[in-house]
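Heads up: the sequence shown begins at 2 in our numbering, then just goes up one per residue.
Idealized CB from N, CA, C, for every residue including glycine.
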Amino acid sequence: MHQGLIQASTGLTPFEVDRGRKLRSPALNEIEALNEYAKNFAEHRKELLRMALDYLQKAQARQKNYYDKKRSLEEFKEGDYVMLATRNIL
């Protein structure tokens, strides 16, 4: 398999020097196929995440819209007594 090893002096494999092209081997083809699979997998995952975020934003907008329909705006005047929940006050 020395035909496929890059030589330090030429920067090429002996096969490339002799034949003018890269050596094809099943092992290298398998690595290239795995690299392509990994690239496609990563791109697919990015697309799925983008879609999930898009759906979440739409769901949040729908929920806000529903909440806002049920919510009435309370107006207070100076001097009005109000109840204050202290549960979330630090």
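Taking the CA atoms as reference points, Ala86 sits about 58 Å from Leu35.
Residue state for Val83 is assigned as coil, using DSSP reduced to three classes. In the structure shown, Glu76 falls within a coil segment according to DSSP collapsed to helix, strand and coil. Within the same chain, no residue comes within 7 Å of Leu49 by CB-CB distance, once the 5 residues on both sides are set aside.
Annotation for Arg20: the continuous alpha helix (DSSP H) segment containing it runs 15 to 20.
Between Lys70 and Ala60, the alpha-carbon positions lie close to 15 Å from each other.
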